[in-house]
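Number of protein chains: 2
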Amino acid sequence: MKLGDGVEQAIHSVTMLSCLQPGSTLSAAVKHLQAMSGAGLLEAVPGPKGGYRLARAPEKITLLDIVLAVEGPEPAFRCNEIRLRGPNPYSCKPAAPCTINVAMLRAEQAYRAELRRVTIAAIMADLKAIDRDGAIAARTNGFLALHERKSGNAA
Amino acid sequence: MKLGDGVEQAIHSVTMLSCLQPGSTLSAAVKHLQAMSGAGLLEAVPGPKGGYRLARAPEKITLLDIVLAVEGPEPAFRCNEIRLRGPNPYSCKPAAPCTINVAMLRAEQAYRAELRRVTIAAIMADLKAIDRDGAIAARTNGFLALHERKSGNAA
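Residue numbers (my numbering), protein chains in the order written: chain H, 137 to 291; chain W, 137 to 291.
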């Protein structure tokens with residue numbers, strides 16, 4: 137089982153976007169930002185001063201939102217109905233779902249419930265807790281000072 | 137996120153093997169049986185009458201055992217330390233683990249805990265519960281009557 141590398145890039149991108157001033161954007165070439173924009177997590181602002189910003193508050197974006205936006209909605213286990221195809225196939229589809237599929241989907245639900253519990257705001261709070269000397273925040277601020285695109289309204 | 141199709145074949149294979157008489161084997165071309173044999177879940181019996189059988193009781197084989205045997209031990213989320221490589225890299229590896237990685241691994245633990253809870257014996261019990269008219273058991277018995285390889289001792 138493997139999540140695409142895009143998930144890691146996407147989550148890091150959203151945490152950085154959560155540090156922007158209201159109305160500002162960041163330009164980025166990360167390809168998964170478009171998928172997150174399509175999923176309603178980010179807003180793409182057009183134009184030469186445009187870029188991406190969060191479409192909703194960091195408290196309202198969960199790790200599950202990001203994983204599903206980047207990886208798609210299908211569960212990790214996808215039942216191919218081996219019961220109908222294997223060496224000993226059923227002649228017609230049984231009314232009851234495959235017990236193996238049921239058990240695998242139950243585990244997927246546990247996984248998703250845990251990801252749904254964690255918001256970007258919580259990730260940032262965890263980050264703040266380990267940033268005892270403020271070095272991480274200073275680094276982020278330095279990066280944003282160079283790259284943040286202030287909105288016309290805020291200028 | 138996607139599990140390989142081999143996981144589905146592997147779990148179905150183990151459930152069928154759990155229906156064998158003691159000492160009997162099934163011959164099978166499913167490539168993942170070898171991986172499960174390497175992981176100590178199955179026993180490969182050599183020779184012209186050989187094949188595979190469970191290496192331990194169905195109560196002692198969990199869905200997690202099978203998933204890890206087929207897919208390998210790595211978690212679905214594999215941290216590439218974007219903190220050290222991204223557009224705003226740390227100059228050296230921070231002492232604290234990445235908070236994103238910590239959260240993603242916590243979800244993986246929930247997934248694995250759920251898979252660890254489900255044994256092949258439990259899957260078979262669920263199957264028996266939905267097999268009200270005994271049609272599934274009859275089909276399995278018919279298949280095994282044709283394919284089960286009785287051990288020399290049992291013959």
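Where a beta carbon is used, it is the ideal one built from N, C-alpha and C, also for glycine. Remember, it's a predicted structure, so these values are computed and weren't measured experimentally.
Range of the contiguous beta strand (DSSP E) that encloses residue i
i                        : result
glutamate 179 of chain H : 178-181
glycine 187 of chain H   : 187-190
Nearest neighbour of residue i, chosen from the options [CA to CA]
i                        : options                                : result
aspartate 135 of chain W : W/Gly176, W/Asn216, W/Ser163           : Any property of residue 135 of chain W remains undetermined from this structure, which presents chain W solely from 137 to 291.
glycine 142 of chain H   : W/Asn216, W/Arg275, W/Arg253           : W/Asn216
alanine 257 of chain H   : H/Gln170, H/Glu144, H/Leu139, H/Lys196 : H/Lys196
threonine 276 of chain W : H/Gln170, H/Asn224, H/Gly187, H/His168 : H/Asn224
glutamate 144 of chain H : W/Thr235, W/Ala274, W/Ser149           : W/Thr235
arginine 268 of chain W  : H/Tyr247, H/Gly183, H/Pro230           : H/Pro230
serine 149 of chain H    : H/Lys138, H/Leu169, H/Met137           : H/Leu169
Inter-residue spacing [alpha-carbon to alpha-carbon] between residue i and residue j
i                            : j                         : result
isoleucine 266 of chain W    : alanine 165 of chain W    : 29 Å
leucine 251 of chain W       : leucine 199 of chain W    : 5 Å
isoleucine 218 of chain H    : glycine 278 of chain W    : 17 Å
phenylalanine 213 of chain H : isoleucine 147 of chain W : 12 Å
serine 173 of chain H        : alanine 180 of chain H    : 7 Å
Beta-carbon proximity list for residue i, same chain, < 7 Å, skipping 5 on both sides
i                         : result
isoleucine 259 of chain W : Thr151
cysteine 211 of chain W   : Looking at the sequence itself, residue 211 of chain W is proline, so the reference to cysteine does not match. Excluding sequence neighbours, proline 211 of chain W sits near Leu241, Glu244.
Contact set between residue i and chain W, taken where Cβ atoms lie within less than 7 Å
i                        : result
alanine 193 of chain H   : In chain order: nothing, as chain W lies at least about 18 Å away.
glutamate 284 of chain H : Correct list: empty, because the minimum Cβ distance to chain W is about 12 Å.
Extent of the continuous alpha helix (DSSP H) run through residue i
i                         : result
glycine 174 of chain W    : 168-174
methionine 260 of chain W : 256-266
asparagine 277 of chain H : 271-283
serine 149 of chain H     : 141-153
arginine 248 of chain H   : 235-253
Cβ neighbours of residue i in the same chain (closer than 8 Å, five flanking residues each side left out)
i                      : result
glycine 140 of chain W : Val206, Glu207
valine 156 of chain H  : Correcting the residue identity first, residue 156 of chain H is leucine in this sequence and not valine. Correct list, in chain order: Leu162, Arg189, Leu190, Leu280, Glu284.
Contact list for residue i against chain W, beta-carbon separation under 8 Å
i                        : result
threonine 235 of chain H : Ile259, Asp262, Leu263, Ile266
valine 181 of chain H    : Residues of chain W passing the Cβ test: none, with the nearest at roughly 19 Å.
alanine 232 of chain H   : Ile266
arginine 275 of chain H  : Asn224, Tyr226
9 Å Cβ cut-off: residues of chain W touching residue i
i                      : result
leucine 199 of chain H : Ile236, Ala239, Met240, Ala243
Residue i: contacting residues in chain H (beta-carbon distance under 7 Å)
i                      : result
glycine 222 of chain W : His148
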